[in-house]
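Reading the sequence shown from the start, the letters are residues 4 to 411 in the working numbering.
Note that beta-carbon positions come from the ideal geometry of N, C-alpha and C, so glycine has one too.
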Amino acid sequence: MKILVLNSGSSSVKYQMFNAADEQVMAEGIVGKIGDAGAYLEHKAKGEKIRRDVIAMNHKEAFQVVIDVLVDKNVGVLGAVSEISAVGHRVVHGGDKFFASTVITDEVIDKIEECVSLSPLHNPPNLLVIKEAKKLLPGVPQVAVFDTAFHHAMPEKAYMYALPYEYYRDYKIRRYGFHGISHRYVSVRAAEIVQRPIEELKIITCHLGNGSSMAALDKGVSIDTSLGFTPLEGLIMGTRCGDLDPAITFFLSREVGLSIDEIDNLMNKKSGLLGISGVSNDVREITFQAHSGNKRCQLALEMCAYRIKKYIGAYITVLSSLDALVFTAGIGEKSPEMRSMVCKDMGALGIELDEKKNAEVMGIESIISSAESKVKVMVVPTNEEKIIAIDTLKLAEEEISRSEKGRT
Ligand code: ADP
4 MKILVLNSGS SSVKYQMFNA ADEQVMAEGI VGKIGDAGAY LEHKAKGEKI
54 RRDVIAMNHK EAFQVVIDVL VDKNVGVLGA VSEISAVGHR VVHGGDKFFA
104 STVITDEVID KIEECVSLSP LHNPPNLLVI KEAKKLLPGV PQVAVFDTAF
154 HHAMPEKAYM YALPYEYYRD YKIRRYGFHG ISHRYVSVRA AEIVQRPIEE
204 LKIITCHLGN GSSMAALDKG VSIDTSLGFT PLEGLIMGTR CGDLDPAITF
254 FLSREVGLSI DEIDNLMNKK SGLLGISGVS NDVREITFQA HSGNKRCQLA
304 LEMCAYRIKK YIGAYITVLS SLDALVFTAG IGEKSPEMRS MVCKDMGALG
354 IELDEKKNAE VMGIESIISS AESKVKVMVV PTNEEKIIAI DTLKLAEEEI
404 SRSEKGRT
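Structure representation (C-alpha cells):
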C-alpha cells in the first residue's frame, strides 16, 4: 500500500509518500509560500533534492503541484496517481468531536468545519486540501489524524478553566492541547528505547519547536499538557508569549489602546523569544548573540528554560514520579544548550545530564542522562508523518475490507 501523508498549514503543504510494504519514505517535500508570487516546491526522492518555483495561488493549486511531482517522469516515484492507496491528513483541531483518527466521510468534514472557530488559521487549509484530495482521488480512503486527539483523556480537573461553567457548556471553552501526534510518537519510541512497556512508565515529553508544548504521560496516556484552548498557552515559544496574567489583555486594551486584533497579533506573532530578544524567534540566532554578550538574548533563553523547568516540576507532582524526560522538535533535538539549561540543578528530582553526551547529540535518538540519573533523559526526533501513515494504513485497510465485504 502506498500512502500519501499531507500536512497542510496556512501557507504550505508538506507531503510524504510512504510505502507500507517496506515502511520506507519514497518521497517527501513541501509546497511553500502558497498564495505568493514566490511559491516554491522542494522535493526529495531517489537520493536527490530539487527546488523549483511553482504557481500555487491557493491550496488547490498546491495540491496539484504535489500530485504532478509525484508522477513526474524524472523526479517522481509513482507510475500513475492510481498507485496511491490512501491519504492521511494531519488535522489540527478536532475539538471535543474527535478522540481518535477517523476515516473522512461527508459527516466528518462537517464536524471538522464546526471546529473552524477553534482553529481559524489551521483547520481551513486542512479542509481545503481534504476536499481537493477527495476530488482528485475519488474512491481512495482518506483519514484524518488529529493533533488534539491524543490529549482527549485528560481529566476534567486538568482541562477545565475556572470560568463560569456555562462558558464550557455553551462555548466549549476548555483546554484541548496540541502536538498530540508528536507527543504520542516520541513517548512510544522512548518506551522502546528503554525497553520497558509504556504501561509501566511515567514520561514527560517536551516538544520544543517554533510552537512548543509539554505533556505529562501516565502509562502512555496524556493526563496534562501545556497548550490550551488555543496554541498560545504554556511555554515561551518562537513568537508566542505562553502563560500570562489574563488581566494584561484588559490593560493592553484600556491603557495602551490596542484593539483585540492587535493584541492577538502581539501575543501570537510578536512575543515569545522574538519579543524578548528583539532579534529573532530562532534559538540558533539567539544563542549566537547571547554568546556575544547580548543581554536580551541571554534573558530570552533563560526565561524559556525557566518556564520549561516549572512545567517539569508541576508534571512530576501530578505524575507522582518520573521515569523519562524526552526532548523533541527543532530546539529539543538540536539545542544542547537549552537542554542543559533546563536540566541544570535538578538532581534532587532525579534528573542529571551527562553534559558531554548532551553536547554531542544533535537530532539523533539518544539517552543523554548520566549513569546515576534516576530519570532517563533522552532526545527523540519526532516523526509525525509516521504516526499519520500508521493510522491511515490501519483505517484504510479496515475500510477497504469493509467495502469488499459489502460487494460480496
Ligand atoms: P515547527 O514548530 O515550525 O515545526 P521545528 O520543530 O522545526 O519548528 O523547530 C524550529 C526551531 O528549532 C527553530 O525556530 C529554532 O529555534 C530551532 N532550531 C533548529 N535548529 C536548531 C539548532 N541547530 N540549534 C538550536 N535551535 C535550533
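- Minimum C-alpha distance to Leu230 - residue among Ser369, Ala194, His62, Val95: Val95
- Message: Given this structure, state the Cα-to-Cα distance separating Ser11 from Tyr18, to the nearest angstrom.
- Response: 8 Å
- Task: Please list, in chain order, all residues of the same chain as Ala65 whose beta carbon is under 6 Å from its beta carbon, the five residues on each side excluded.
- Result: Val16, Val34, Ile37, Ala59
- Task: Determine the direct distance from the alpha carbon of Leu352 to that of Lys100, and round the result to whole angstroms.
- Result: 38 Å
- Task: Check the C-beta distance from Arg310 over to Ile239 and give it rounded, since I have them as a contact under 8 Å.
- Result: 5 Å
- Query: For Leu139, which residues from the same chain have a beta carbon less than 8 Å from its beta carbon, with the 5 sequence-adjacent residues on both sides left out?
  - Reply: Taken in chain order, the residues that qualify are Phe66, Gln67, Ile70, Val84.
- Query: Arg187: beta carbon under 7 Å from a heavy atom of the ligand ADP?
  - Reply: no
- Item | Straight-line gap, Thr228 to Met270 (C-alpha atoms, nearest Å) | Taken atom to atom, the span from the alpha-carbon of Thr228 to that of Met270 is near 20 Å.
- Message: Given this structure, state the Cα-to-Cα distance separating Leu124 from Asn61, to the nearest angstrom.
- Response: 14 Å
- Query: Could you give the distance in angstroms between the alpha-carbon of Cys209 and the alpha-carbon of Phe291?
  - Reply: 23 Å
- Buried or exposed for Glu51, please, with buried defined as at least 16 other CB atoms from any protein chain shown within 10 angstroms of its CB. Burial call: exposed.
- Query: Out of Leu121, Ile289, Lys76, His182, which has the shortest C-alpha to C-alpha gap to Ser215?
  - Reply: Comparing Cα positions, the closest option is His182.
- Beta-carbon proximity check, Glu358 vs Ser376, cutoff 8 Å: no
- Message: So for Glu202, helix, strand or coil by DSSP?
- Response: Here DSSP, grouped into helix, strand and coil, assigns Glu202 to helix.
- Tell me where the beta strand (DSSP E) around Gly32 begins and ends. For Gly32, the enclosing beta strand (DSSP E) covers residues 27-35.
- Message: Rounded to the nearest angstrom, what separates Gly413 and Met20 at their Cα positions?
- Response: One cannot answer for residue 413 here, as it falls past the ends of the chain, which runs 4 to 411.
- As assigned by DSSP and simplified to three states, the class of Asp267: Asp267 falls in the helix class under three-state DSSP.
- Message: Give me, in chain order, the residues of the same chain whose beta-carbon lies closer than 8 Å to that of Thr242; leave out the 5 immediate sequence neighbours on both sides.
- Response: Closer than 8 Å at Cβ, skipping near neighbours: Asn213, Asn271, Lys272, Lys273, Ser274, Gly275, Leu276, Leu277, Gly278, Asn284.
- Query: Candidates Lys49, Ile207, Ala374, Gln145: which alpha carbon is nearest Ala327's?
  - Reply: Nearest in C-alpha terms to Ala327, of all of Lys49, Ile207, Ala374, Gln145, is Ile207.
- Query: Ends of the beta strand (DSSP E) at Val16?
  - Reply: 16-22
- From Lys47 to Lys389, what does the alpha carbon distance come to, in whole angstroms? 17 Å
- Message: Going by DSSP in three states, Phe330 sits in which element: helix, strand or coil?
- Response: strand
- Say whether chain D places a C-beta atom closer than 8 Å to the C-beta of Asn10. No chain D appears in this structure, which consists of one protein chain only.
- Nearest to Phe149 (by Cα), restricted to the options Glu169, Cys118, Arg177: Cys118
- Considering only residues of the stretch 141-172, which uninterrupted alpha helix (DSSP H) runs meet the minimum length of 4 residues and lie entirely inside it, listed in chain order? 159-162
- Query: If you draw a straight line from the C-alpha of Ser120 to the C-alpha of Lys76, how long is it?
  - Reply: 42 Å
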